[in-house]
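There are 2 protein chains.
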Amino acid sequence: MHTHLIWKSGKREILYKGPIFDVAKVERTSTDGRCAPFIEVAAPKWVTIIPVHRSKEGIPMVVMVDQFRHGSATVTREFPAGVVDEGETPKEAAVRELLEETGLVGSRVTLLGEINPNPAFMSNRAYFYLIEDVVPQAKQDLDENEQIDVLSVPLEEVVEQMGTGIYDNGIMMIALGFFMREAKRRRMTI
Amino acid sequence: MHTHLIWKSGKREILYKGPIFDVAKVERTSTDGRCAPFIEVAAPKWVTIIPVHRSKEGIPMVVMVDQFRHGSATVTREFPAGVVDEGETPKEAAVRELLEETGLVGSRVTLLGEINPNPAFMSNRAYFYLIEDVVPQAKQDLDENEQIDVLSVPLEEVVEQMGTGIYDNGIMMIALGFFMREAKRRRMTI
Chain F
-12 MHTHLIWKSG KREILYKGPI FDVAKVERTS TDGRCAPFIE VAAPKWVTII
38 PVHRSKEGIP MVVMVDQFRH GSATVTREFP AGVVDEGETP KEAAVRELLE
88 ETGLVGSRVT LLGEINPNPA FMSNRAYFYL IEDVVPQAKQ DLDENEQIDV
138 LSVPLEEVVE QMGTGIYDNG IMMIALGFFM REAKRRRMTI
Chain X
-12 MHTHLIWKSG KREILYKGPI FDVAKVERTS TDGRCAPFIE VAAPKWVTII
38 PVHRSKEGIP MVVMVDQFRH GSATVTREFP AGVVDEGETP KEAAVRELLE
88 ETGLVGSRVT LLGEINPNPA FMSNRAYFYL IEDVVPQAKQ DLDENEQIDV
138 LSVPLEEVVE QMGTGIYDNG IMMIALGFFM REAKRRRMTI
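Those sequence lines, one after another, are chains F and X.
Residue 170 in this note's numbering sits at position 183 of the first sequence, with consecutive numbering throughout.
Residue 89 in this note's numbering sits at position 102 of the second sequence, with consecutive numbering throughout.
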């Protein structure tokens, strides 16, 4: 069906190897004979978790983390997220990352969606989980250069403010988009 | 409010300069004295357009493009998208990219949201526009290595299938998330 659109891969050369991704150059040829080099960025699988609970007043809340981000050089407010370790399933990574970053555990873990974060140059996959009825179980257990403030925010505020101020991480809008679809499927009101 | 989370920038070194982004290493120091190198990827601003119209039967439709993506090495189905050129506003880029990739023009252009696509390592911004009542005006006008099939898809199918099969671009889920929020604000049914 899409065979006419497929470019064939040729010579591949690693241009850069780094701590969070590698960059390769790949020669590709189209079905009509055009040939050019293209960029491929290889990174581990990523996982993002939307941890929800209700406030004492019954308001739907989501647990978020404030941290400095080294691409934007700003502090952003995000859902807990991390990298899927070797030998780990994305679901196991979601439960582990939530516990490490926030000390929380939940009662039910649902895959909301998975997607390539940006196939224009990324080759990895990103997984998005909902973890419900989260409660404290342990202390934060952070990596060497992680520094994270944890807080609970009304879900409605996150939906309303995403893309403004501190809510400035597109990966979190992917998570929220998948969540809004799930809410629609479950006929939940946000 | 978040001053304790801010890392101070030190020495900066370009590690890789490429056609779609550059990679730099920046030394940063935390307020509690930790010091480490971090990766920053600099790219132009990106723009994504959700072009909508109604079918003869009155069904809400969205115009999408099928193309080979060189990060995933697969064909993905996406909203029209591109790079904001030098001296151009994101809104001008949205109108131009829609016309170039699909030959369409619309009656109303609305900014749905803007966000850093991934502040963990990206430093650029991404803009998301809704363009309504799109109609054909010109022929496709593609860049040298672009090869794009244009089609109209029921909006409901896009929402339902995002993250499965050919609907495999996270940037499009950001767009769809912002769109779902706009639909909620306008009390539209998807």
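Glycine included, every Cβ here is placed at the ideal spot set by N, Cα and C.
Query, Result
"How would you call M(-12)(X), buried or exposed, if buried means at least 16 neighbouring beta carbons within 10 angstroms?", "exposed"
"Does the Cβ-Cβ distance between D9(X) and V28(X) come in under 9 Å?", "yes"
"Taking a Cβ distance cut-off of 7 Å, strictly less, list which residues of the stretch 108 to 124 of chain F are near chain X, in chain order.", "F108, M109, S110, A113"
"Measuring CB atoms only, is the stretch 76 to 96 of chain F touching the stretch 66 to 84 of chain X, in the sense that at least three cross pairs come out at less than 8 Å?", "no"
"State the DSSP-derived secondary structure class of R15(F), mapped to helix, strand or coil.", "strand"
"Compare the C-alpha of I118(X) against each of P47(X), N156(X), N132(X) and name the closest.", "P47(X)"
"State the Cα-Cα distance for the pair E88(X) and I36(X), rounded to the nearest angstrom.", "11 Å"
"Is the number of C-beta pairs between the stretch 11 to 23 of chain X and the stretch 45 to 61 of chain X that are closer than 8 Å three or more?", "no"
"Are the beta-carbon atoms belonging to I(-7)(X) and F55(F) less than 9 Å from one another?", "yes"
"CA-CA distance, L86(X) and G93(X)?", "9 Å"
"Round the Cβ separation of G150(F) and G100(X) to the nearest angstrom and send it over; I've been treating them as touching at under 8 Å.", "4 Å"
"Kindly identify the DSSP beta-bridge partner or partners of A23(F).", "R15(F)"
"How about K236(F): is its C-beta nearer than 9 Å to some C-beta of chain X?", "Coverage of chain F is limited to positions -12 through 177, which leaves residue 236(F) absent and any answer about it impossible."
"Measuring CA to CA, which of A113(F), I135(F), K32(F) is closest to V50(F)?", "I135(F)"
"Return helix, strand or coil for T89(F), following the three-state DSSP convention.", "helix"
"Could you tell me which residues DSSP puts in a beta bridge with Q54(X)?", "T63(X)"
"Less than 8 Å between the CB atoms is what I'm expecting for L98(X) and Y116(X), so what's the real figure, rounded?", "6 Å"
"If we define contact as Cβ-Cβ less than 9 Å, is D128(F) a contact residue for chain X?", "no"
"Where do the N-terminal and C-terminal ends of the beta strand (DSSP E) with L2(F) fall, by residue?", "-5 to 4"
"Tell me where the beta strand (DSSP E) around F178(X) begins and ends.", "The question about residue 178(X) has no answer, for chain X in this structure spans -12 to 177."
"Listed in chain order, which residues of the stretch 70 to 86 of chain F have Cβ atoms closer than 9 Å to some Cβ of chain X?", "none"
"Does the beta carbon of P31(F) come closer than 9 Å to any beta carbon on chain X?", "no"
"Just mark R41(F) as buried or exposed, buried being the case when its beta carbon has 16 or more other beta carbons within 10 Å.", "exposed"
"State buried or exposed for P38(F), treating a residue as buried only when at least 16 other CB atoms are found within 10 Å of its CB.", "buried"
"Report yes or no: is there a C-beta of chain F within less than 9 Å of the C-beta of L138(X)?", "no"
"Under a Cβ-count criterion, where at least 16 other Cβ atoms within 10 Å of its own Cβ denotes burial, should V122(X) be classed as buried or exposed?", "exposed"
"Please return the same chain residues whose Cβ sits closer than 6 Å to the Cβ of S179(X), not counting the five positions on each side in sequence.", "Absent from the structure is residue 179(X), since the part of chain X shown begins at -12 and ends at 177."
"Do L91(F) and G5(X) have their CB atoms nearer than 9 Å?", "no"
"Tell me which residue opens and which closes the alpha helix (DSSP H) that E144(X) is part of.", "142 to 148"
"Interface residues of chain X around M51(F) at Cβ under 8 Å?", "Within 8 Å Cβ-Cβ: nothing; M51(F) doesn't reach chain X, min ~13 Å."
"For M159(X), tell me which candidate among E44(X), P67(X), A11(X), C22(X) has the shortest Cα-Cα distance.", "P67(X)"
"Using beta-carbon positions only, say whether N105(F) and P106(X) come within less than 9 Å of one another.", "no"
"Between the alpha carbons of D130(F) and V13(X), how many angstroms are there, rounded?", "19 Å"
"Taking 8 Å as the line, does the beta carbon of H(-11)(X) fall inside it for any heavy atom of the ligand COA?", "The ligand content of the structure shown is nil, which means the ligand COA is not present either."
"List the residues of chain F whose Cβ lies closer than 9 Å to the Cβ of P6(X), in chain order.", "P24, F25, I26"
"Find the residues of chain X that neighbour T61(F), judging by a C-beta separation of less than 7 Å, and give them in chain order.", "P106"
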